[in-house]
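To start, the structure under review is shown below, and the notes come after it.
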Amino acid sequence: MGGTLLLALLLQGGVIQGLYVEDRSNHVHGCYCEWSGESQTGGREAILAWHFQEGEYGGVPLAGARAAVVLRGEATLSMGYSTRESVLFIDAPAPAQRRAVEAFLRDRYGMFLGRVLRTVHADIQMEVRPEGARVYVPGALALEVRKAVLPDDALPGATKWYDPFVPLAEAELGTRVLSRYTARDFNYVWNEKHPMTSGYYGRFVFYAR
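With the working numbering, the residue at position 149 of the sequence shown is 147, and numbering never jumps.
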């Protein structure tokens, strides 16, 4: 998109952009044997997080808000739609901004979210840097990924199997350091520390035209 049009959309509130990180319980970059096994039994859990830096939704500015989504599906989330449930965490100072963030996520990603079990107003600590990303919600979740180092972080013959859940203008392949969810919404918790190329981080841009 040309710089002039992008600037015009920004001035009109037609661009929503910021920082993003995701991790899922299957490789997004791996060898065939990993893909084959995980496509049947893995990839049912994921954590996604956004830090909104510019834009508005429904006339409400989103800048400064943060959101995290935790999902669990009946089958792998990476291969099309499967029945799934989700929990939304939103960090924004004003109720109107929290409602706008929730509306954006539900409107934009409603099918992907599946059945939303609850929406929580929470303190979300989020950091995205060139070398990696972190997200922390006290008492609920922790996520840390570092920039993937290839080919060291992958088995021989590894290739990219899946794109990010959210299209990114600037995407880095991430190697998981930690993925933890301790709330009881799904009657299932996890605390994964095994390193794997299972996520992405970078900058998202949504053109609300």
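Positions of the beta carbon are idealized from the N, C-alpha and C atoms, including for glycine. These numbers were taken from a predicted model, which means no experiment stands behind them.
Who pairs with residue 87 in a beta bridge, going by DSSP?
Along the sequence shown, read from residue 1 onward, the residue named residue 87 stands at position 89. For residue 87, which the question treats as bridged, DSSP gives the partners 66, 118.
Tell me which residues share the same chain as residue 209 and place their Cβ nearer than 6 Å to its Cβ, disregarding the 5 neighbours each side in the sequence.
In the structure displayed, the chain extends from -1 to 207; residue 209 sits before or after that span and is not available.
Alpha helix (DSSP H) containing residue 23: first to last residue?
Along the sequence shown, one-based indexing puts residue 23 at 25. It is not in any alpha helix (DSSP H) - residue 23 carries neither H nor E in the DSSP assignment.
Contacts around residue 112, its chain only, beta-carbon distance under 6 Å, and the 5 residues preceding and following it disregarded
Taking the first residue of the sequence shown as 1, we reach residue 112 at position 114. Same-chain partners within the cutoff: 82, 83, 84.
Identify, in the order they occur along the chain, each residue of the same chain with its Cβ nearer than 7 Å to the Cβ of residue 166, setting aside the five sequence neighbours on each side.
Here residue 166 corresponds to residue number 168 of the sequence shown, with the count starting at 1. Cβ within range, chain order: 18, 198, 200, 201, 202.
Between which residues of its own chain and residue 189 is the CB-CB distance below 6 Å, once the five residues before and five after are set aside?
For the purposes of this step, residue 189 is identified with residue 191 of the sequence shown, where counting begins at 1. Excluding positions up to five away in sequence, the list reads 178.
Just mark residue 174 as buried or exposed, buried being the case when its beta carbon has 16 or more other beta carbons within 10 Å.
What you label residue 174 is simply residue 176 of the sequence shown in a count that begins at 1. With 16 or more other Cβ atoms within 10 Å, it is buried.
Taking all protein chains shown into account, decide if residue 205 is buried (16 or more other Cβ within 10 angstroms of its Cβ) or exposed.
Sequence index remark: in the sequence shown, residue 205 carries index 207 (1-based). Per the 10 Å Cβ criterion, exposed.
In chain order, what residues of the same chain have a beta carbon less than 6 Å from the beta carbon of residue 145, not counting five sequence neighbours either side?
Start at 1 with the first residue of the sequence shown, and residue 145 comes out as number 147. Correct list, in chain order: 129, 130, 170.
State the Cα-Cα distance for the pair residue 16 and residue 60, rounded to the nearest angstrom.
As a position in the sequence shown, residue 16 is number 18, starting the count at 1. As a position in the sequence shown, residue 60 is number 62, starting the count at 1. Using only the alpha carbons, I get a separation of about 10 Å.
Assign residue 9 to buried or exposed, taking buried as 16 or more other Cβ atoms, counted over all protein chains shown, within 10 Å of its Cβ.
The residue given as residue 9 occupies position 11 in the sequence shown. Model confidence at residue 9 stands at a pLDDT of 44, short of 50, so the residue's coordinates are unreliable and nothing is read from them.
Taking the C-alpha atoms as reference points, what is the distance between residue 172 and residue 182?
Here residue 172 is taken as the residue at index 174 of the sequence shown, counted from 1. Here residue 182 is taken as the residue at index 184 of the sequence shown, counted from 1. Distance between the alpha carbons of residue 172 and residue 182: 27 Å.
Test item: CB-CB of residue 98 and residue 135 under 7 Å:
Locating residue 98 in the sequence shown gives position 100, counting from the first residue. Locating residue 135 in the sequence shown gives position 137, counting from the first residue. For residue 98 and residue 135, no; Cβs fall outside 7 Å.
Do residue 70 and residue 116 count as a contact pair if the criterion is CB distance below 7 Å?
The count along the sequence shown starts at 1 and reaches residue 116 at position 118. The count along the sequence shown starts at 1 and reaches residue 70 at position 72. Not a contact, by the Cβ cut-off of 7 Å.
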